[in-house]
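Participant: In my numbering, the protein residues as written are 589 to 838. Here it is: the structure, laid out below.
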Ligand code: DGL
């Protein structure tokens, strides 16, 4: 099994980490559009155009499936990607809600969705949560977390100030959907901010569950061959991969 993983930049490596840990693929072709990141501040048409260009790149490889690790792409470009791809395309939004449904049975619980402006304004998470019967959810764009993670500030006063800025009015929360590739890297501190009482949903873990349940994929490949491509500065992507994927990387 060979997967293509698409992201706006480096963040999708958090999804790659889950895919490698669960040994679902023999090979992963990763493309990060590092020359044009962030997608989270761009409009729908631009995100669709960039995504279709990435699809053309992936057509050069004999992949079995395309996973859009990027929540902003998953929120806006899945129908267009599916129309034009010769292989199945899966995004991270529906799997995220399915993962939440498995963990939270009580539909009255308080859910917080965080992500980029593009993801939150698309209303995709909110629409699916409503369809599934969840009654109490709020959403909040938290775009500052993206550069904070890219600076490697996974803890400390900058992150604390940003969390306070975004979360100070939010009272009781039972679960948080981390609707952005970057957020798993600060998930420990987000959880701590909410007194370690909230359940966190991570796109990487959610997509693994979806691939196992929906596509019947199993732990089969002890080693995953990871090929990394970027539209700008591929060396930086490789350095970050060495840092973030350790000890996963082979
Ligand atoms: N990968 C993006 C996402 O998950 C975050 C970075 C960006 O804005 O491009 O939405």
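We put the beta carbon where it would ideally sit given N, CA and C, even for glycine.
Let me check you understand the geometry: is the CB of residue 784 closer than 7 Å to at least one non-hydrogen atom of the ligand DGL?
Facilitator: What you label residue 784 is simply residue 196 of the chain shown in a count that begins at 1. No, since every heavy atom of the ligand DGL falls outside the 7 Å radius drawn around the Cβ of residue 784.
Participant: Could you tell me the distance, in whole angstroms, from the CA atom of residue 838 to the CA atom of residue 829?
Facilitator: Walking along the chain shown from the start, residue 838 turns up at place 250. Walking along the chain shown from the start, residue 829 turns up at place 241. Low local confidence applies: a pLDDT of 44 at residue 838 is under 50, so the model's placement there is unreliable, and no value is given.
Participant: May I ask which residues mark the beginning and end of the alpha helix (DSSP H) holding residue 663?
Facilitator: Counting from 1 along the chain shown, the entry for residue 663 is found at position 75. Per DSSP, residue 663 belongs to the alpha helix (DSSP H) from 659-664.
Participant: Regarding residue 604 and the ligand DGL, is the C-beta to nearest heavy atom distance less than 7 Å?
Facilitator: Looking up residue 604 in the chain shown gives position 16. It does not: the Cβ of residue 604 is nowhere closer than 7 Å to a heavy atom of the ligand DGL.
Participant: Who are the Cβ neighbours of residue 834 in its own chain at under 8 Å, not counting the five residues just before and after it?
Facilitator: For the purposes of this step, residue 834 is taken as the residue at position 246 of the chain shown. Once the five neighbours on either side are set aside, residue 834 has no close Cβ partner at all.
Participant: Take residue 679 and list the residues in its own chain whose beta-carbon comes closer than 6 Å to its own, dropping the five residues that flank it on each side.
Facilitator: Your numbering for residue 679 matches position 91 in the chain shown. Only 656, 662 and 666 meet the Cβ criterion.
Participant: Using the DSSP secondary-structure output, state which residues sit across from residue 678 in a beta bridge.
Facilitator: Locating residue 678 in the chain shown gives position 90, where the first residue counts as 1. Looking at the DSSP assignment, residue 678 forms a beta bridge with 655.
Participant: Checking 8 Å against the spacing of the C-beta atoms, do residue 636 and residue 659 come in under that value?
Facilitator: As a position in the chain shown, residue 636 is number 48, starting the count at 1. As a position in the chain shown, residue 659 is number 71, starting the count at 1. Cβ distance not < 8 Å, so residue 636 and residue 659 don't count as in contact.
Participant: Work out the CA separation of residue 590 and residue 806 for me, nearest whole Å.
Facilitator: As a first step, residue 806 is located in the chain shown; it is residue number 218 there, counting from the start. As a first step, residue 590 is located in the chain shown; it is residue number 2 there, counting from the start. Residue 806 and residue 590: Cα-Cα distance of roughly 13 Å.
Participant: Just verifying my parser: in three-state terms, what is the DSSP assignment at residue 781?
Facilitator: Reading the chain shown from its first residue, position 193 is the one you call residue 781. Helix at residue 781.
Participant: Quick one: which unbroken beta strand (DSSP E) runs of 3-plus residues sit fully inside the segment 702-745? Chain order, please.
Facilitator: The qualifying runs are 724-729.
Participant: Looking at the ligand DGL, does it come within less than 7 Å of residue 599, judged from the CB to the closest heavy atom?
Facilitator: The residue you call residue 599 lines up with position 11 of the chain shown. Residue 599 Cβ: within cutoff of the ligand DGL.
Participant: Identify whether residue 838 lies in helix, strand or coil by the three-state DSSP scheme.
Facilitator: Indexing the chain shown from 1 puts residue 838 at position 250. For residue 838, the pLDDT reaches just 44, beneath the cut-off of 50, and the residue's location in the model is therefore unreliable, although a value from the coordinates is still provided. Of the three classes helix, strand and coil, the one that applies to residue 838 here is coil, per DSSP.
Participant: Could you spell out where the alpha helix (DSSP H) holding residue 593 opens and where it closes?
Facilitator: The residue given as residue 593 occupies position 5 in the chain shown. It is not in any alpha helix (DSSP H) - residue 593 instead sits in the beta strand (DSSP E) that spans 590-595.
Participant: Can you check DSSP and say which residues form a bridge with residue 691?
Facilitator: Position 103 of the chain shown, counting from 1, holds the residue named residue 691. Beta-bridge pairing links residue 691 to no other residue.
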